[in-house]
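Count along the sequence shown starting at 1, add 5, and that's the number in my numbering. Built from N, CA and C at the ideal position, the CB exists for glycine as well.
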Amino acid sequence: MTATAPREEQLWSRCAGCATLLYRKRLRRNLDVCPECGVHARLGAPDRVRQLVDPGTFRPLPHRPADVDPIDFVDVVPYPHRLTAARAGTGLAEAVLCGTATLGGHPAALAVMDFRFLGGSLGCAVGELITCAAERALDDRVPLILVTASGGARMQEGVLSLMQMATVSQAVAALREAGLLTVSVLTDPTYGGVAASFATNTDVVVAESGARMGFAGPRVIRQVTGRALPDGFQTADFLLRHGQVDMVVPRRALRGRLVALLAAARAARPPATRPPAPRRPAEPPTSDPVPTATGDGDPWATVRLARHPGRPTTLDYLESAFDGFVELHGDRLGGDCPAVVGGLARVDGRPVMVIGHQKGHTTAELVARNFGMASPAGHRKALRLMRLAARLGLPVVTLVDTPGADPGVGAEEQGQAAAIAENILALTVLPTPVIAVVTGEGGSGGALALAVADRVLMLEHAVYSVISPEGCAAILWPDRSAAPQAARALRLTAPDLRRLGVVDEIVPEPAGAAHVDPEATARALGDVVRDNLLPLLDVPAATLVRLRRQRFRRFGAARASLRAGAR
Ligand SMILES: [Zn+2]
């Protein structure tokens, strides 16, 4: 190999996916994505950096990797010879390129791995360099972006490579504690010790289209199990389906998506550094009982309105009442529940984390979304997003519309009860403002898992209940046909719940209810969320949590006020 000669750019290259012979310049213009079949060719770190950052803004970190051969490793050639060859072949000092840059004007620190360099393996120098990048992010108070491409820990450095998984994870933990966004971008391939540490323990995990990620490689798994692997095993789409990544993004959209994430995180600030909110006192208002019963309309009719398939869903509200929604997927444990959607968005220009149940308008949509009934994976996704919001100093807005949690066998096997319990617990102490809006059906524990909030709002024709009227009728009446009576007895309408103090404010719906004018409903929801959010923004986290606890403590007195209201 003529190691030091400048490499001639070849004129043609053959696509690894479809074998088409492609004009190199054309391929480059297309970001090394095959225009014929869409296969994303592997990128070296310098090319990757060029594609992601604002031109001319990348500043490499000054650190040089130390020459290490801690265990005097020799296979067919001594380890130092392999290092020398890798340096000559890539022009890089190590398997990672670290620096600072801006993306869309947002500053960030970056560590970009290069698979060409000893398979992107994680050795002591790589771990140290990524840690330096993380420390730079901490010093500058900017997000950290990790682009991974690695076969795993570097065998040639023995167990010291294994230790780097902990070293870099500590650096990620420090950024999480400081409320600074960490993002990993999984590129092909990301395996072993890199996959099992900083590739997946960041706040947001983005997979590039076509990337494969896993702990054990397919060859190892085949050898151990003796079985063929399913199609698409460990690919980006597989990872999304199994809750391992937040999103799959094609290369051409990657930079834009990272810019959107950085924009959301940059706008978020811990309460202490926020500019003071206009008007309104710092203490959130408490609810006064509604003086008179609204009384018109049979509760059973309200139940049917609340379930109307034309009512706006969470994704509809995200489209029209919020801006700039970036959906985040998965519980990182094995599932991405379609009945819960969530992600970063803005309301009235302010960044928030929105989490809501998702139903649908057609039968096919409803089936695909499991009728808005969250599985344990859905509750765990919600929990992950709540905690991410708290770390980044973002308020949480939840939109509640579920008949109840998924009543299936699988859900029980996966710990439905504990998943709901954990969310309720987390929300009671979440150190960031939480606003819940019951938009349709607020069904029992599945609803409460998103509704322990500083302010609980409810659409005029929504319902919120400990059990469905049908379920209640089946248990306490002779049969389910008594559901209308049960609906009346349960006091599940917005005015009832307002009187009980469970709900702080009723959001009026347009004439004929939400499904008649979804746009107007979304506007009303956006307005009421903004108005309720503003006074909470400057309340210190400890005060928020204390008041939230008081809010849920006072329901022992609710019976008296209901009697007073009904008199
Ligand atoms: Zn191709």
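Query	Result
May I ask whether a heavy atom of ligand 1 can be found less than 7 Å away from the beta carbon of Glu41?	yes
Measuring alpha carbon to alpha carbon, tell me which residue in Thr437, Phe122, Val101 and Pro483 is nearest His86.	Phe122
Going by Cα to Cα distance, which pick from Ala487, Pro438, Gly335 and Glu370 is closest to Arg389?	Gly335
Examine the Cβ distances between the stretch 88–106 and the stretch 133–150 and report whether three or more of them are shorter than 8 Å.	yes
Would you mind working out which of Glu417, Gln363 and Ala487 sits nearest Leu455, comparing C-alpha positions?	Gln363
Assuming the contact rule is C-beta atoms closer than 8 Å, Asp119 and Gly128 should be a hit. Round their C-beta distance to whole Å, please.	With a Cβ gap of about 13 Å, Asp119 and Gly128 do not count as contacting.
Spatial neighbours of Thr172 within its chain, please: CB distance less than 8 Å, with the 5 preceding and 5 following residues excluded, ordered by chain position.	Gly132, Glu133 and Thr136
Per the DSSP calculation, His111 is bridged to which residue(s)?	Leu108
Cα separation between Ala52 and Ala98?	Rather than Ala, the amino acid found at residue 52 in this sequence is Asp. Cα to Cα, the separation comes out at about 16 Å.
If you drop the 5 nearest sequence neighbours on each side, which residues of the same chain put their C-beta closer than 6 Å to that of Arg553?	Asp459
Should Ile480 go down as buried or exposed, given a rule of 16 or more other Cβ atoms within 10 Å for buried?	exposed
Please indicate yes or no: does the CB of Gly22 lie closer than 7 Å to some heavy atom of ligand 1?	yes
In chain order, what residues of the same chain lie with their CB nearer than 6 Å to the CB of Ala491, ignoring the 5 residues before and after it?	Pro474, Cys477 and Ala478
For Thr25, verify whether its CB is less than 7 Å away from any heavy atom of ligand 1.	yes
Where Gly3 and Leu102 are concerned, what is the direct C-alpha to C-alpha distance, given to the nearest angstrom?	In the structure as shown, the chain starts at 6 and stops at 572, and residue 3 therefore has no counterpart that could be examined.
Under three-state DSSP, which class holds Ile360?	strand
How many Å lie between Arg19 and Gly163 at the Cα?	37 Å
Use the C-beta contact count for Tyr469: other C-beta atoms within 10 angstroms, 16 or more gives buried, fewer gives exposed.	buried
Mapping the DSSP letters down to three states, classify Ser473 as helix, strand or coil.	coil
Can you find at least 3 beta carbon pairs, one from the stretch 306–326 and one from the stretch 510–524, that sit closer than 8 Å?	yes
Going by DSSP, what residue range makes up the alpha helix (DSSP H) through Ala424?	Gln421 to Val434
Pull up the distance between the alpha-carbon of Tyr28 and that of Asp59, whole angstroms please.	26 Å
Measuring straight from C-alpha to C-alpha, what distance separates Gly450 and Gly315?	24 Å
Are the stretch 426–437 and the stretch 339–349 touching by the rule of at least three beta carbon pairs closer than 8 Å?	no
Any heavy atom of ligand 2 inside 7 Å of the beta-carbon of Val44?	The model depicted lacks ligand 2 and carries ligand 1 instead.
Could you spell out the range, first to last residue, of the alpha helix (DSSP H) harbouring Val54?	Ala50 to Leu57
Name the DSSP beta bridge partners of Val209, please?	Val188
Please report the residue range of the beta strand (DSSP E) in which Thr444 lies.	Val439 to Gly448
Would you mind sorting Gly300 into buried or exposed? The rule is 16 or more other CB atoms within 10 Å of its CB.	Confidence at Gly300 is low in this model, with a pLDDT of 45, below 50, so its placement is unreliable and the value that follows should be read with caution. With fewer than 16 Cβ atoms within 10 Å of its Cβ, Gly300 is classed as exposed.
From Arg284 to Gly49, what distance separates their C-alpha atoms?	A caution first: Arg284 carries a pLDDT of 40, below 50, which makes its placement in the model too unreliable to give a value.
May I have the straight-line CA-CA distance separating Ala488 from Trp305, to the nearest angstrom?	8 Å
Work out the CA separation of Asn35 and Thr62 for me, nearest whole Å.	22 Å
Could you tell me which residues DSSP puts in a beta bridge with Gly347?	Ile360
Given a cut-off of 8 Å, decide if Val442 and Leu404 are closer than it, judged by their beta-carbon atoms.	yes
Could you check if Leu186 is buried or exposed, using at least 16 other CB atoms within 10 Å of its CB as the buried criterion?	buried
With H, G and I counted as helix, E and B as strand and the rest as coil, what does DSSP make of Pro489?	helix
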